[in-house]
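Chemist: Quick note, the sequences are listed as chains A and B, same order.
Numbering of the first sequence is given in the numbering used here, commencing with residue 38 and proceeding in unit increments.
Numbering of the second sequence is given in the numbering used here, commencing with residue 22 and proceeding in unit increments.
Glycine is no exception: its CB is placed at the ideal position from the N, C-alpha and C atoms.
All of these numbers come straight from a predicted model, not from anything done at the bench.
Please read through the structure below; I'll follow up with questions.
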Amino acid sequence: MANIKLDIFRFDEAVDTVPHRDVVAVDIPETTTVLDALEVAKSEVDGSISFRRSCRSAICGSCSMNINGVTGLACKTPCNSVMDESGTIKIDPMPNFQPMRDLVVHMDPFWDKYTRLKPYLQPADKDSDHQTERRVSPDDMKKLVDVANCVMCATCYALCPVVSVDPSFAGPASIAYAYRFIEDVRDSKKEERLAQINEDYLWLCAHCYACSYCPKHVDPHDRIIDVKRATVNSRVMIKERGPQHALVVNRTIKKTGMLAETEVIQGTIGRFNIKGLLAVAPLGLRMLSKGKMPPPFLKPIPKVDEVKTIYDTLEVPVT
Amino acid sequence: MSSTLLPEERANDSHKRSKSAQSNRYGFFPGCVAKESCKELFNSTMLLADKLGIELIELTAASCCGASVVNDTNRDIGRVLNARTYAQAEALGLDDIITICSTCTGHMRLANKELLESEERMTQANAILGKFGAKYNGGVMVRHLLWMLIDDIGLDNLKSMVVRPLNGLKVAPFYGCHIIRPEKVNGWESARNPHSLEDLVIALGGEAVDYAGKTRCCGFHIQLEKEGTAANMVGQNMRMAKEKGAEAVLTPCPLCHLALDGYQEDSASRWGRTDLPVFHLPQLVAYALGVPAEKLGLNKHLIDPRGIMVERELIA
């Protein structure tokens, strides 16, 4: 048995203006999960401690919270893996959400983004006109298995640094779930879905891999790349900045072997998009004043033809 | 003092002692930005190599690593472009490629991992490389200069080489996502609590500032998608560093450098003025090892680091 001190964020939006913290000590085996430790604290010490939970086995996705600065499922986190030398564990609500009561947060923004995807199958014909079940080959299903493991615990959304400053971004889970339907052979709304997720700022993903700490190993980041690729290849929203950026980067590498910064900036924003170019002009002028400007034209690397051969063989789109 | 993980816990190759390390002849992949808008990074790396007595052999015919963007159009392009670079290193007898950019590190290591773990992918890459007579045999590893400094030169050794200690300059490390995440690709140190940059700052006589922003994203890759959002990511991180008493920032990544150095001005309206000067990794190491400050391109930074260096009596 160990004496574990849970240092808990306390706040009730109905009565509090500012949060405070309570330290609750419980005597439990140190291999107990953080969720079970909270259950003991609630049943034996303070019945008002609030948190969401249900299955206690990483299936329901209810108990994601911030444990010693790391967001994850409390039911999957043993106390002895996170407590400090004094046996203390700091527990906070998930970041990127508005706290409601203690460790319970308002999940609405997360669910809103998910609902916008129309997260259900939309086949080309009605079920009533369909004589047999809609069959999917094992190979087609394989692509969807990982992402179907998502339990919508919102850990990735809480970890996402883009969401933390720009709530208009769909967030990792929604995009991974969009992939689940975009790649489903039974679905008929691929282009509409791609357009929708592009509207919800698919291209605001900053490639930071913060979402690689998915408790269910969904790897939303890799699915985000898949959805971007589907966007470029289906040429949905092709004139927008995201797809144009991907294309111009490839174009300059194919031509010079290098990512040509000047051309990438112009190509992404649009050479004739005066308003867009003016928006980046102040930074450009500051850089110019320090003599810190990328060259307007790049000399191709030696044997750049080899790079061109690679691009042509793989048939990579560049325009 | 060492990185968080024991050698046997580190991802695949990153603890191996390479032939290059034994002979002090490394392959060098500077990446695009160090050759374009951050030339001061390239120059200070070469000056540092001179001081350390190591030879960095630039892979001049190497292409861009793919910068985490090329895969947005095609699943294979990044991997094959990098296989071509590895083949060039092998042809020069080099088995260790040193990078000076977090994104190059992550993207090149991911490509290498995919090639080494799948015969099918290696065969695909070599079928294309074969069209111009090249072949990758799988004998290359990719490491960041930061890892090389700590594993091959050693912190104690570096400390003994310091001729101009940093006089307690309060330096906030900023790692850059792709040198730490995903852990299965990098894995040289803990991605959640890395401390190699802190160890280095201390070895150079500075004070390391711990803050939550050090492992977060600089927003570089979305600057052209939505400038305001990218600027806010910079402001948020720099505010955290400032509040912990940082006087300067140290980063192993030129993309982070462009973001942090360039966008603090634009983020000031929401996050308040932070004005933290940002050093490239080799600039600060080279300075402490005695490379004249005026050779390090500090005048190219938008937030001039020379002010705080004068204040700390590092330069006159």
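Does the stretch 38-50 of chain A touch the stretch 122-132 of chain A, meaning 3 or more C-beta pairs lie closer than 8 Å?
Modeler: In short, these stretches touch, since the Cβ pair count reaches three.
Chemist: Would you call the stretch 214-227 of chain A in contact with the stretch 175-184 of chain A, where contact means no fewer than 3 C-beta pairs closer than 8 Å?
Modeler: Counting Cβ pairs under 8 Å, three or more are found: they touch.
Chemist: Pull up the CB-CB distance for B:P273 and B:H165, whole angstroms please, since I reckon it's below 8 Å.
Modeler: B:P273 to B:H165, Cβ: 6 Å. Contact.
Chemist: If we call anything under 8 Å between Cβ atoms a contact, is A:A210 one with A:C245?
Modeler: Their beta carbons are not under 8 Å apart, which means A:A210 does not touch A:C245 by this criterion.
Chemist: Below 8 Å on C-beta distance, what does B:I78 contact in chain A?
Modeler: Neighbours of B:I78 on chain A: none; closest Cβ ~14 Å, over 8 Å.
Chemist: Please return the same chain residues whose Cβ sits closer than 7 Å to the Cβ of B:V230, not counting the five positions on each side in sequence.
Modeler: The answer, listed in chain order, is K191, V192, A193, A262, K265, G266, A267.
Chemist: In three-state DSSP terms, what is A:L322?
Modeler: Of the three classes helix, strand and coil, the one that applies to A:L322 here is helix, per DSSP.
Chemist: Check B:K40 in the structure and name its three-state DSSP category.
Modeler: Residue state, collapsed to three classes: helix.
Chemist: Between the stretch 197-216 of chain A and the stretch 229-244 of chain A, can you find at least three pairs of beta-carbon atoms closer than 8 Å?
Modeler: Enough Cβ pairs lie closer than 8 Å, so yes.
Chemist: Could you tell me which chain B residues have their CB closer than 8 Å to the CB of A:M295, listed as they occur along the chain?
Modeler: Near A:M295 (Cβ distances below 8 Å), the residues of chain B are C53, K56, E57, S84, C85.
Chemist: For the stretch 168-178 of chain A against the stretch 105-123 of chain A, are there 3 or more C-beta pairs whose distance is under 8 Å?
Modeler: No, they do not touch.
Chemist: On the CB-based measure, 16 or more other CB atoms within 10 Å of its CB, does A:I311 come out buried or exposed?
Modeler: When all chains shown are included, A:I311 counts as exposed.
Chemist: Cβ of B:L62 within 8 Å of Cβ of B:I121?
Modeler: Yes, they are a contact pair.
Chemist: Reducing DSSP to helix, strand and coil, say where B:E268 ends up.
Modeler: Three-state result, B:E268: coil.
Chemist: Look at B:L136 and B:A104 and say whether their C-beta atoms are less than 8 Å apart.
Modeler: The answer is yes: Cβ separation under 8 Å.
Chemist: Mind listing which residues of the stretch 158-187 of chain A have their C-beta closer than 8 Å to chain B's C-betas, in chain order?
Modeler: Listed by position along the chain: nothing, the set is empty.
Chemist: Return the Cβ separation of A:V353 and A:N287 in integer angstroms, given the expectation that the two are a contact with Cβ distance under 8 Å.
Modeler: Yes, A:V353 and A:N287 are in contact; Cβ-Cβ is about 6 Å, under 8 Å.
Chemist: Give every residue of the same chain whose Cβ lies closer than 7 Å to the Cβ of B:L305, excluding the five residues on either side of it in the sequence, and list them in chain order.
Modeler: For B:L305, where only same-chain residues beyond five positions count, the Cβ hits under 7 Å are L225, L271.
Chemist: Who are the neighbours of A:V286 on chain B, taking C-beta pairs under 9 Å?
Modeler: Correct list: C85, G87, A88, V90, V91, D93, T94.
Chemist: Taking only beta-carbon positions, decide if A:P146 is within less than 8 Å of chain B.
Modeler: A:P146 does not count as touching chain B.
Chemist: The beta strand (DSSP E) that contains B:A193, what's its start and end?
Modeler: Counting along the chain, the beta strand (DSSP E) containing B:A193 begins and ends at 191-194.
Chemist: Considering only their Cβ atoms, is the gap separating B:L335 from B:R185 smaller than 8 Å?
Modeler: Against a cut-off of 8 Å, the Cβ pair of B:L335 and B:R185 comes out as a contact.
Chemist: Quick one: is A:C245 near chain B, going by C-beta distance under 8 Å?
Modeler: Cβ-Cβ to chain B under 8 Å: yes for A:C245.
Chemist: Decide if A:W148 is buried, meaning its Cβ has at least 16 other Cβ atoms within 10 Å, or exposed.
Modeler: Looking at its Cβ environment, which holds fewer than 16 other Cβ atoms inside 10 Å, A:W148 is exposed.
Chemist: Going by the CB atoms, is the gap between A:I262 and B:N133 shorter than 8 Å?
Modeler: In this structure, A:I262 does not lie closer than 8 Å to B:N133 by Cβ.
Chemist: Of all the CB atoms in chain A, is at least one closer than 8 Å to the CB of B:H278?
Modeler: Not an interface residue.
Chemist: Beta-carbon within less than 6 Å of A:K227's beta-carbon, same chain only, minus the 5 sequence neighbours each way: which residues are those?
Modeler: Correct list, in chain order: I219.
Chemist: Cβ closer than 8 Å: which chain B residues qualify as neighbours of A:T346?
Modeler: Ordered by position in chain B, the residues that pass the 8 Å Cβ test against A:T346 are I149, K152, F153.
Chemist: Please specify which runs of the alpha helix (DSSP H), each continuous and at least 4 residues long, are wholly inside the stretch 243-322 of chain B, giving them in chain order.
Modeler: Those alpha helix (DSSP H) runs which fall completely within the stretch 243-322 of chain B and span 4+ residues are 248-264, 275-292, 302-309.
Chemist: Might you give, ordered along the chain, the residues of its own chain that have their beta carbon closer than 6 Å to the beta carbon of B:L319, omitting 5 neighbours on each side?
Modeler: Around B:L319: P326, R327.
Chemist: Check the Cβ of A:H368 against every Cβ in chain B and list those closer than 7 Å, keeping chain order.
Modeler: Since the first residue shown for chain A is 38 and the last is 356, residue 368 of chain A is missing from the structure and cannot be characterised.
Chemist: Quick check: is the beta carbon of A:M324 nearer than 8 Å to any beta carbon in chain B?
Modeler: Interface residue, yes.
Chemist: On the DSSP letters alone, give me the boundaries of the beta strand (DSSP E) that A:T108 sits inside.
Modeler: Looking at the DSSP string, the run of the beta strand (DSSP E) that includes A:T108 is 107-110.
Chemist: Within the 8 Å Cβ cut-off, does A:G328 reach chain B?
Modeler: Yes, contact with chain B.
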